[in-house]
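If you read the sequences in order, they're chains C and D.
Sequential numbering from 2 applies to the first sequence in this note's numbering.
Sequential numbering from 15 applies to the second sequence in this note's numbering.
Inspection log for the structure reproduced underneath, given as structure tokens.
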Amino acid sequence: MVTTDEKGPLTAKKKSVIIRSCDGDEFLVSESAAVLSTSLKKILEEKEDRLIHLSDIDNKTLAMVIAYLSTHADDGLSDDLKRSFDQEFVSGKEFDVLKYLVLATDTLQVTCLCYTVAKKMADIMKNKLVEWVRREFDIQNDYTPEAEAEIRRLDAWAWDDRQLEDD
Amino acid sequence: MDRISELPQHILQHILSFLSQREAIQTCVLSKSWRYLGSTRPNFEFRERYFNADKQTFLSVMDKILHRYHDQKISVQKFLVEMSMVDFESISFLEKWIPLVVLNMGVNTFSLSFPSHYSAQFALPTVVYKAEFLKELNLEGCKLSQINPLVEDDPSIEIDAPTLESISIMGCTNWFHHHKNFPYLKCLHLDNVRLSTKSFGSFSFDYPCLEELDLLFCHGFEEFRLLSRSIKHLTIAVDRSIKAAIDVTNILHFKIISNNVLPSISFTTTSSEWKSHIHLLNRSNIYIDASSWFLKLNELLKALSHSEVSLHIEDHPRVVPDTYGGFDKPVVVENLSLGGHSSSSLPTFLNCLFRICRPRKIGEHLYPDEEMEWEREDEQLAEFLCKNLLMEREMRRYFWQQDLEEVSMEAFDKNGKKWHPVQGTSLSECALPNNQLKQNIRFRLKWRDLAFT
């Protein structure tokens, strides 16, 4: 998606930008891919600088986000192919990898990828008991047993095992 | 910090929005920082059927949670409530909260449904039509309230939600709006809704951007004329005889579902590549007059002959005239699938069917589900086709056999998700390679050109 602003600096199709991660590595990205991130698009509209420094996204995460943006900027790929790419993209990834991805996509405002990653993270938590989630994510239970029991009592309906919920 | 709680609150709530309401609430006990996350996520979704018929709890839980959103000025982007009962308590709950949710809480998706109510009883507060940020409106079993209920001959609804992109209305109610159009509406789904011929009059003005239109078992009109440049996907389902003139310049996919009675349709488009799907049912199993059935099907096929046609016949007329003619040249059908056929009337039925259409493939949807049992009728049909298309074609028992140039059998490979040719001429041979009878098979037919001249 190339901007249609005739007067702006973004008209040339094959322009590239350089994006630097917090580790200092630099990535050359086509502008059509970069502007799929709302934040990058804004930066590029505001200044002519071709070098963008992202101080809170590491190498590994940035490389993944750029792979996603480049695939989605490729006009030669069908929507179906892009969809299956998205599924492949998140499948089998560790929770911590997803966590940095969701943070990066939130910062860069890549709405579609943010949605896909957040959904994948929810899928990991789905149908799991509270104890499993605490253990898996090292969540310290700072409630007293009495306080926890009280919360469970207040929302007793949510703990009623007779309930069936399929969606 | 642990592996998840360091995420900012809005991201955690985004993740929680994909869980069920119950699971989201359960996360409250994880630790103190999770206390209210799940109960203030951006989507509020409650279905009474998950409350074990305990309506009191259902209403009071929703009330408590909505109060938290409201008091802390937290926005509810998606509001979904499914109720089983319309009574005094549920009505007062809805009348209290709907205006607040719609006007003050920034809702963009509003869904309210009474799935068990066939006749709409709850009158939707008109405030919903004034919602400034509403993008999606889904209603089931609700009555769309009128501007002036005293004027019976003007049941119009004044809808002034210009941002709407998607509307879905199910259940007996009226849909005549006036005054405003919907400049951004992309999807309109009307199921069992009362319309009038007038509703279609200013269609392209009312919905200039509409891409998807479903008119399912709607009533209140005998005929209509639909004109739209924007519609790409159109589905019409009918269970009574209607007459429609459809002029959709840019159609991509047209689907007609008809129960018992075939509609009369004329179709105009400049679209060069589009697909049509004809789905014929006989749910109520009533007697169908075969002569007029074939005549109408012939008309319908001709009207859609410029598209790639798929024809699915769930039930055909049981009594079929043995020789039946008077048709023009047969229409090419890309896929034909048949279901629920009695073997005794099958030969005469196909005799008539092949006078009006020539399928390139038969049986593609015959056994679409791997869980589905192969019923006796399916087996009889497959055996009949196998016998008369492959094994004994040269015996020329039926007139259409001489028009066939080439027939091959294909089986669906579930692993490769592809059709592949099967050698052999009998069903037992096609059941290979994994020796399972219950697999998808189809026949690929090549008809002599002669048939179309």
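Built from N, CA and C at the ideal position, the CB exists for glycine as well.
Because the structure is a prediction, the values reported are computed rather than measured.
So, is residue i buried or exposed, given that buried needs 16 or more other C-beta atoms within 10 angstroms?
i	result
LYS257 (chain D)	exposed
ALA68 (chain C)	exposed
LEU30 (chain D)	buried
PRO344 (chain D)	buried
ALA150 (chain C)	exposed
CYS113 (chain C)	exposed
MET409 (chain D)	exposed
ASP156 (chain C)	buried
TYR301 (chain D)	exposed
ARG82 (chain D)	exposed
ARG372 (chain D)	buried
ASN128 (chain C)	exposed
GLY52 (chain D)	buried
GLY25 (chain C)	exposed
LEU224 (chain D)	buried
Just to confirm before moving on: does the CB-CB distance between residue i and residue j stay below 8 Å?
i	j	result
VAL91 (chain C)	SER38 (chain C)	no
PRO129 (chain D)	GLU154 (chain D)	yes
GLU313 (chain D)	SER278 (chain D)	yes
GLU420 (chain D)	HIS434 (chain D)	no
ILE265 (chain D)	LEU276 (chain D)	no
TRP160 (chain C)	PHE65 (chain D)	no
ASN142 (chain C)	ARG136 (chain C)	no
LEU399 (chain D)	GLY377 (chain D)	yes
VAL90 (chain D)	VAL115 (chain D)	yes
LEU63 (chain C)	PHE86 (chain C)	no
SER40 (chain C)	LEU109 (chain C)	yes
LEU318 (chain D)	PHE281 (chain D)	yes
VAL144 (chain D)	ASP174 (chain D)	The residue asked about is misnamed: residue 144 (chain D) is Lys in this sequence, not Val. Yes, these two residues count as a Cβ contact at 8 Å.
LEU126 (chain D)	CYS156 (chain D)	yes
ILE53 (chain C)	ARG84 (chain C)	no
ASP220 (chain D)	PHE196 (chain D)	yes
GLU96 (chain D)	LEU73 (chain D)	no
Between the C-alpha atoms of residue i and residue j, what's the straight-line distance to the nearest angstrom?
i	j	result
ALA35 (chain C)	HIS291 (chain D)	41 Å
TRP461 (chain D)	ASP417 (chain D)	6 Å
TYR116 (chain C)	LEU33 (chain D)	13 Å
ASN274 (chain D)	GLU322 (chain D)	24 Å
SER19 (chain D)	ASP139 (chain C)	9 Å
ASP97 (chain C)	ARG17 (chain D)	7 Å
ASN122 (chain D)	GLU150 (chain D)	6 Å
GLU32 (chain C)	SER71 (chain C)	10 Å
TRP124 (chain C)	VAL118 (chain C)	The question names Trp, yet the displayed sequence has Asp at residue 124 (chain C). Answer to the nearest angstrom: the Cα atoms are 10 Å apart.
ILE455 (chain D)	LYS432 (chain D)	11 Å
ASP80 (chain C)	LEU404 (chain D)	40 Å
MET122 (chain C)	LEU26 (chain D)	10 Å
ASP77 (chain D)	PHE107 (chain D)	8 Å
LEU80 (chain D)	LEU148 (chain D)	18 Å
GLU1 (chain D)	ASP253 (chain D)	Coverage of chain D is limited to positions 15 through 467, which leaves residue 1 (chain D) absent and any answer about it impossible.
VAL346 (chain D)	ARG332 (chain D)	24 Å
ILE39 (chain D)	HIS28 (chain D)	14 Å
LYS375 (chain D)	SER358 (chain D)	23 Å
ARG154 (chain C)	PRO146 (chain C)	12 Å
ARG243 (chain D)	PRO222 (chain D)	8 Å
VAL100 (chain D)	THR54 (chain D)	27 Å
For residue i, which three-state DSSP category applies?
i	result
PHE231 (chain D)	coil
LYS343 (chain D)	coil
CYS366 (chain D)	helix
ILE250 (chain D)	strand
ILE292 (chain D)	strand
PHE457 (chain D)	strand
ARG51 (chain C)	coil
ARG410 (chain D)	coil
CYS371 (chain D)	strand
GLU96 (chain D)	strand
HIS73 (chain C)	helix
TRP160 (chain C)	helix
SER33 (chain C)	helix
THR123 (chain D)	strand
LEU2 (chain D)	Residue 2 (chain D) lies beyond the range of chain D shown here (15 to 467); nothing can be said about it.
CYS23 (chain C)	coil
HIS320 (chain D)	coil
LYS212 (chain D)	helix
Check whether the Cβ of residue i sits closer than 7 Å to any heavy atom of the ligand GTP, and report yes or no.
i	result
PHE136 (chain D)	In the structure on display, the ligand GTP does not appear, and there are no ligands present to speak of.
Please name the residues in the stretch 79 to 109 of chain C whose beta-carbon is closer than 9 Å to at least one beta-carbon of chain D, in chain order. PHE96, ASP97, LYS100, VAL103, LEU104, ASP107
Members of the stretch 134 to 148 of chain C near chain D, C-beta cut-off 7 Å: VAL134, ARG135, PHE138, ASP139, ILE140, GLN141, ASN142, ASP143, TYR144
For the stretch 43 to 76 of chain C, which residues have a beta carbon sitting closer than 7 Å to at least one beta carbon of chain D? none
Short of 9 Å Cβ to Cβ, which residues in the stretch 27 to 45 of chain D face chain C? HIS28, ILE29, LEU30, SER31, PHE32, LEU33, SER34, GLN35, ARG36, GLU37, ALA38, ILE39, GLN40, THR41, CYS42, VAL43, LEU44, SER45
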